[in-house]
Each structure stands twice: as C-alpha cells, then as structure tokens.
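Numbering (the working numbering), first residue to last: 4 to 149.
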C-alpha cells in the first residue's frame with residue numbers, strides 16, 4: 004500500500020501536477036498513519052520489532068514506488084533505475100537507523116500509556132470523580148445556582 008501511494012505521488016511529481024502531488028502526499032500520509040496505528044495495536048509483538056516492520060515497510064515502499072513509476076519516466080532523463088533504487092534504500096535505511104531509538108521509545112510509550120492502558124483508565128476515573136465532587140460541593144454551597 005505504501006509503495007503504491009508513493010508511486011502515485013511520484014507519478015504526479017513526474018508530470019508536474021501540483022494537485023496530484025498534494026493528493027499523493029495526503030494518501031501517503033494516511034497510509035503511513037495506518038501502518039503506525041497497526042504497529043501500536045500489535046501489542047503481542049515487542050516494540051523494537053514493530054518499529055523495524057514500520058520503518059522497513061516505509062523504506063521498501065519508497066523503493067517500490069520508484070520501480071512502479073519507472074516505465075513512465077521519459078527517455079530524455081539521464082537516470083538509471085538501479086542506482087536510484089540503491090540510493091533511495093540506503094538513504095531510507097540511514098534515516099531509519101538514526102531515528103530507530105526515538106521511534107522504539109515512542110511506540111513503547113504509546114503502548115504503555117496509551118488510551119487502553121490501566122494507568123490512563125485509572126487517571127480518567129480519578130479525574131471524573133474529582134469533577135463530580137467539586138460540582139456537588141458547588142451545588143451544596145450555593146443553592147440559588149440551579
């Protein structure tokens with residue numbers, strides 16, 4: 004999915020279509036967010052492995068996007084497929100390697116303190132009880148505010 008979304012954006016870039024590039028960027032971002040959401044929801048897999056899956060899918064999807072649009076590149080362009088894909092994969096792997104510790108930490112934190120953790124559920128319950136007590140005290144103290 005990510006490779007196809009990237010290919011759509013690259014195809015629009017190749018044909019200088021600003022609207023297509025915007026749409027491609029939105030679709031690419033939506034597919035990326037979907038991958039991240041599924042990685043966060045996969046709680047049975049350790050955080051570092053899920054992070055590697057997402058980053059690998061992103062890097063390989065970008066390379067696949069280049070391969071998919073390659074037949075549509077005009078002959079006048081002085082580029083070849085192998086070095087372009089190699090450079091894309093190497094640059095993506097380098098960025099993924101540099102951002103890996105932060106990505107793993109963020110995924111672990113989202114799993115640990117996300118909306119379905121017991122800590123978050125408890126905090127929400129405590130906050131609701133505090134609001135109920137304050138609201139009840141206000142009504143008891145000032146009966147004319149009804």
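Just so you know, even glycine gets a beta-carbon here, dropped at the ideal spot from N, CA and C. Note that the structure is predicted; figures quoted are calculated from it, not measured.
C-alpha gap between residue i and residue j, whole angstroms
i: residue 61; j: residue 35; result: 8 Å
i: residue 91; j: residue 57; result: 16 Å
i: residue 116; j: residue 22; result: 38 Å
i: residue 77; j: residue 32; result: 27 Å
i: residue 135; j: residue 72; result: 59 Å
i: residue 10; j: residue 20; result: 14 Å
i: residue 29; j: residue 8; result: 9 Å
i: residue 131; j: residue 138; result: 11 Å
Cβ separation of residue i and residue j, assumed to be a contact under 8 Å, to the nearest whole Å
i: residue 70; j: residue 88; result: 6 Å
i: residue 79; j: residue 6; result: Not really, about 25 Å apart at Cβ, beyond 8 Å.
i: residue 54; j: residue 101; result: 13 Å between Cβ atoms; not a contact.
Local conformation of residue i per DSSP, three classes
i: residue 19; result: coil
i: residue 24; result: helix
i: residue 45; result: coil
i: residue 7; result: helix
Entirely within the segment 73-142 and at least 3 residues each: give me those beta strand (DSSP E) ranges in chain order. none
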